[in-house]
Amino acid sequence: MDEKMGDYASNVAMILAKKEQKPPRELAEEIAEKLRG
1 MDEKMGDYAS
11 NVAMILAKKE
21 QKPPRELAEE
31 IAEKLRG
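Here it is as structure tokens:
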């Protein structure tokens, strides 16, 4: 994580992947898109 650059890291996609029955990468992309607005 680089706070100067506004980067964040989280393992939430890994945690939710099993529950949502989706690949973690796909979930991560969906989450990132929603955060971008």
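For what it's worth, UniProt numbering labels the leading residue of the sequence shown as 1, then goes sequentially.
Don't be surprised by glycine CBs; every beta carbon is placed ideally from N, CA and C.
Between Pro24 and Ala17, the C-beta gap is smaller than 9 Å, which places the two residues in contact.
For Pro23, the secondary structure class from DSSP, reduced to helix, strand or coil, is coil. Judged by DSSP in its simplified three-state form, Ala9 adopts coil rather than helix or strand. Rounded to whole angstroms, Ala13 and Ala28 show a C-alpha spacing of 5 Å.
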